[in-house]
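A.B. asks: Numbering (our numbering), first residue to last: 1001 to 1336.
The beta carbon of each residue, even a glycine, is placed where N, CA and C say it ideally should be.
(1) Quick one, are the C-beta atoms of residue 1058 and residue 1146 less than 7 Å apart?
(2) In whole angstroms, what is the alpha-carbon distance linking residue 1174 and residue 1161?
(3) Roughly how far, in whole angstroms, is the beta-carbon of residue 1321 from the beta-carbon of residue 1257, given that I think they are within contact range, below 8 Å?
(4) Sort 1201, 1070, 1327, 1323 by Cα distance to residue 1052 and report the nearest one.
(5) State the DSSP-derived secondary structure class of residue 990, mapped to helix, strand or coil.
(6) Go ahead and label residue 1088 buried or exposed: buried means 16 or more other beta carbons lie within 10 angstroms of its beta carbon, across all protein chains shown.
(7) Within 10 angstroms of the Cβ of residue 1202, are there 16 or more other Cβ atoms? Answer buried if so, exposed if not.
(8) By DSSP, does residue 1301 sit in helix, in strand, or in coil?
(9) If I'm right that residue 1127 touches residue 1168 with Cβ under 8 Å, what's the distance once you round it to whole angstroms?
(10) To the nearest angstrom, how far is the alpha carbon of residue 1239 from that of residue 1064?
(11) In angstroms with no decimal places, state the Cα-to-Cα distance between residue 1274 and residue 1178.
(12) Which whole-angstrom value describes the C-beta separation of residue 1125 and residue 1149, a residue pair presumed to lie in contact below a C-beta threshold of 8 Å?
(13) Alpha helix (DSSP H) containing residue 1099: first to last residue?
(14) Using three-state DSSP, classify residue 1306 as helix, strand or coil.
(15) Rounded to a whole number of angstroms, what is the C-alpha to C-alpha distance between residue 1134 and residue 1118?
(16) Just curious, the beta strand (DSSP E) that residue 1152 is in, first and last residue?
(17) List the endpoints of the continuous alpha helix (DSSP H) containing residue 1083.
(18) Output the distance between the C-alpha atoms of residue 1185 and residue 1291, rounded to the nearest integer angstrom.
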């Protein structure tokens, strides 16, 4: 074979390889259904009720209680008490996972909707209830907890094949984030040690800030033009082992919610800024499929971990639509 032929073959291999990589990259990020586009319709009566309940939870957690973490330990306990009381009001019997850190007790708060078949893998939905230091934590993460509580309301009394567990997690922020002192680490490791079967874990983290401002979304993956430039959608973040869970979540949400949703599957090392080390990652490390539902945090929201993360930043109308879509997602996961 002469040099010209060899050169042609090498060029052809490079071109085909590049095309194959591009095709894989595009198809890997394709999600079922179509993300909602256009003006949002008026809220349904159910969504309006959720909005009012969400506003109440947000006011208590981010305004009346405010900063809640290891530095504001009494406030953290007040938040835990409020969440416990709300679960009880909805007819649940909360259970606690308690652990000690530096002489202080911390706890995850869990309620359960038993499924008809206890042998099936369970569905877990969680949100951390602490805030960053020096922040009232309205979006991060009173928004996730408020959504969690309203999901518990929406699902209560409904029959499902799989058991659903709803858990408010402690210590999701620094200095405990991504450490064995985080609530998500304790929860995931206890599940692993018990050989618990988990179909998937959905983590709600920073889920209340939305804007139609041009170029407000700063995801680094925008260079591939897969995602909108306006920060008006909710994102599902997954790793490769959670790809099916991601697609199921996005597909079901898009089928039922009149609100935009996107999905991204990526390696831990290439997670968009602000999405590494969050609670869902502890489930990845334990070998369980998990996704995070988020407004993309610091890739969109300028007030993360600051005093400006207050109630004025939260769009409860849009958050109520997320509750509706999430209810459909969890119900589908619990019955398929």
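C.D. replies: By the coordinates alone:
(1) yes
(2) 37 Å
(3) 6 Å
(4) 1323
(5) This structure gives no information on residue 990, because the portion of the chain shown stretches from 1001 to 1336.
(6) exposed
(7) buried
(8) coil
(9) 6 Å
(10) 37 Å
(11) With a pLDDT of only 49 at residue 1274, under 50, the local geometry of the prediction cannot be trusted, and no value is derived from it.
(12) About 11 Å separates the two Cβ atoms, so there is no contact after all.
(13) Segment 1095-1101 is the beta strand (DSSP E) holding residue 1099; no alpha helix (DSSP H) there.
(14) coil
(15) 43 Å
(16) Counting along the chain, residue 1152 falls outside any beta strand (DSSP E), though it belongs to the alpha helix (DSSP H) covering 1143-1155.
(17) Looking at the DSSP string, the run of the alpha helix (DSSP H) that includes residue 1083 is 1073-1089.
(18) 15 Å
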